[in-house]
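Protein chains in written order, with our numbering: chain S, 1 to 343; chain B, 1001 to 1343.
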């Protein structure tokens, strides 16, 4: 049988544990997996693009466990009452190829994306950061806020979104959780005095939601929204202001902010910072840029965290996904006995 | 909600309908999809190889519906009590990216592989074929027999497998269904007088289970088992005896029997035969070879067939795979309300 965490159980589990505790837990799994980065099978995601959006499969394996995520990105979905991003994920045992774990990943992707941003910011943002600007207050925004409180203790937020209702929603969700929130009237106003700038907008376009003159020395930019060809958020000039950190260079050159730059533009893969192979932040004045697109190993860490965390709880059920005939060579025997002759 | 056909329901449905009726139904969907071959997004499968076996994702899309299959291949599984091949598959709506249908595909892959062989043989085997040799009587063999009875009316089978128990199982399963079966003592003996030769063995090796001198004029070879790099069944000389038909050339050059041949070895994609662009069998004496590796469009056809066929039945259930917050931008609202402050 395959263990299955559906949406109802994921929501119950997250609400019971508290999202910040889960984000912190995923962050630990992420750090462990980024430290053993070179031991993973890595391949850019397999994307199917249409005018409506994209559907992607993101596989990886550490040679013991195989995992993949199905995820879509449809920017016009919210206007039609659907989620921009939905996802589910699977873990399998490499030794026999059987799927062992299936879970919704719409909620879990939000948690792992935030955990990734938090893990990176712990190393790259100034440790004395206290103020974060958030450009874009859609589905991902609250999770980002949680992650930055966990990683850096940030509780002061300056937010901006072109949709006033999305900002109201953000304030409504986060004020009761102890955040001090300023609603700005522009991106320019939101970033005033910010130590960290998080961009998480959804338009599938080469947008410029942040220009170079707005980025002050010492800032850490957490660029989440630009994550597929033709979808960027930052003025290309920003990428020249500091050092750019990526997950997996080969994928980010196609999908990230650096798709705007030449193919030999210098970047650092973040696992090298964790591994001690590359420097992180070099000075208080340096501008650091995390050009995040999301990578399969992050889903792998999140999937394993949930799988391990729900053991012994009632937050999963078992489903019958893999045929298991008594004689493995007799698949037909499962059905043959019941078939009428010549049917 | 996502419709889900688990193993129990797939087996109940197949047993109730009869596997031959389902194979025939899938064959119709396959023919329709092969005829519109050029309208599909096609990409070679994404494979993760380990010493134990392979795990693959096989996506495709017709720009209305997206589908993919997860499938493993672990040749040593049966000796440990597991299936060589297990699989599950998903359909999604391209317009919003939501997964709409999930099903087990261990049984369904066996049905669709057989249906593909049958569809191809209807065009390539001699119409007066009456005898099929089957080399390999593992999990796929009974389904192949069903497909050839449906496609060509073949009821006389000559079988060979290195595992006597597998042959006994085949005879036990198929004799009651009206087949006339001769158990041979070698591959050489099995192919005597056969109009069609089906090879479906599981060894992950460059095996030679059939040599050129055994292949007589007019025979159709249905080569199923060689389907990944390093796994072939036919003597390379056989491929020079007649015309080789493939599903998707780019993938078959990597995975099929023709991996033994130069990169410019001439093949015909089978959809071209259905489409009238290429000839099928040209004469009663010609040797035709279907170098089958399995392609995503076949799973797409099978998935859609099951999805459509179970409408209005109790052979599926609904699962909660996609988070559906009232406000699509308020994913956090699903869980936020229940989280303690500062948790």
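Positions of the beta carbon are idealized from the N, C-alpha and C atoms, including for glycine.
Open item on the list: Classify residue 1003(B): buried if its beta carbon has 16 or more other beta carbons within 10 angstroms, exposed otherwise.
Closed with: buried
Open item on the list: Quick check on residue 26(S) - is its C-beta less than 7 Å from some C-beta in chain B?
Closed with: Closer than 7 Å: no.
Open item on the list: Within a Cβ cutoff of 7 Å, which residues of the same chain sit near residue 1209(B), ignoring the five residues on either side of it in sequence?
Closed with: 1135, 1187, 1199, 1201 and 1233
- [ ] Please determine if the region 1274-1289 of chain B and the region 1213-1221 of chain B are in contact, where contact requires at least 3 C-beta pairs separated by less than 8 Å.
- [x] yes
Open item on the list: Give me the chain B residues within the contact set of residue 166(S), using Cβ-Cβ distance strictly less than 7 Å, ordered along the chain.
Closed with: 1329
TODO: Determine which residues of the region 1086-1109 of chain B have a Cβ less than 7 Å from any Cβ of chain S, and write them out in chain order.
DONE: 1086, 1088, 1090, 1092, 1094, 1095, 1096, 1097, 1098, 1099, 1104, 1106 and 1107
Open item on the list: For a test of the three-state rule: what should DSSP assign to residue 185(S), helix, strand or coil?
Closed with: coil
- [ ] Decide if residue 1127(B) is buried, meaning its Cβ has at least 16 other Cβ atoms within 10 Å, or exposed.
- [x] exposed
Open item on the list: Assuming contact is defined by CB atoms lying nearer than 7 Å, are residue 293(S) and residue 255(S) in contact in what I supplied?
Closed with: yes
Task: Local conformation of residue 261(S) per DSSP, three classes - done: Three-state DSSP puts residue 261(S) in coil, outside helix and strand.
Open item on the list: Need the endpoints of the beta strand (DSSP E) that residue 99(S) sits in, please.
Closed with: 99-104
- [ ] Indicate whether the contact test is met: 3 or more Cβ pairs, each with one atom in the region 170-187 of chain S and one in the region 30-50 of chain S, closer than 8 Å.
- [x] no
Open item on the list: In whole angstroms, give me the CA-to-CA distance for residue 1027(B) and residue 34(S).
Closed with: If you take the alpha carbons of residue 1027(B) and residue 34(S), they lie about 46 Å apart.
- [ ] In the DSSP assignment, find the beta strand (DSSP E) that holds residue 1254(B) and state where it starts and stops.
- [x] From DSSP, residue 1254(B) is part of no beta strand (DSSP E) but of the alpha helix (DSSP H) over 1249-1255.
Open item on the list: Report the CB separation of residue 1001(B) from residue 1235(B) in whole angstroms; it is logged as a contact under 8 Å.
Closed with: Rounded to whole angstroms, the Cβ separation of residue 1001(B) and residue 1235(B) is 51 Å, and the two are not in contact under 8 Å.
TODO: Name, in chain order, the residues that DSSP records as bridge partners for residue 119(S).
DONE: Bridge partners of residue 119(S): none, in fact.
Task: Under 7 Å between C-beta atoms of residue 196(S) and residue 132(S) - done: yes
Open item on the list: I'd like to confirm the pairing. Which residues does DSSP put opposite residue 1069(B) in its beta bridges?
Closed with: Residue 1069(B) pairs with 1058(B) and 1089(B).
Task: Cβ-Cβ separation, residue 1332(B) to residue 142(S) (assumed contact under 8 Å), whole Å - done: 4 Å
Open item on the list: Counting only beta-carbon separations shorter than 7 Å, does residue 225(S) have a partner in chain B?
Closed with: no
- [ ] Within 10 angstroms of the Cβ of residue 1282(B), are there 16 or more other Cβ atoms? Answer buried if so, exposed if not.
- [x] The residue in question, residue 1282(B), is exposed, as its Cβ has fewer than 16 Cβ neighbours within 10 Å.
TODO: To the nearest angstrom, report how far apart residue 99(S) and residue 1005(B) are at their CA atoms.
DONE: 16 Å
- [ ] Please report how far the alpha carbon of residue 1335(B) lies from the alpha carbon of residue 8(S), in whole angstroms.
- [x] For residue 1335(B) and residue 8(S), the distance between alpha carbons rounds to 10 Å.
Open item on the list: Tell me the residue span of the beta strand (DSSP E) that contains residue 199(S).
Closed with: Boundaries of the beta strand (DSSP E) around residue 199(S): 196-199.
Task: Simplified DSSP state of residue 1203(B), which is helix, strand or coil - done: coil
Task: DSSP beta-bridge partners of residue 50(S) - done: 53(S)
TODO: Would you grab the beta carbon distance between residue 303(S) and residue 103(S) for me? Rounded to a whole angstrom, and I think it's under 8 Å.
DONE: Residue 103(S) and residue 303(S) do touch by the CB rule: their CB atoms are close to 7 Å apart, below 8 Å.
TODO: For chain B, find out if any of its Cβ atoms is closer than 7 Å to the Cβ of residue 239(S); answer yes or no.
DONE: no
TODO: Go ahead and label residue 1266(B) buried or exposed: buried means 16 or more other beta carbons lie within 10 angstroms of its beta carbon, across all protein chains shown.
DONE: exposed
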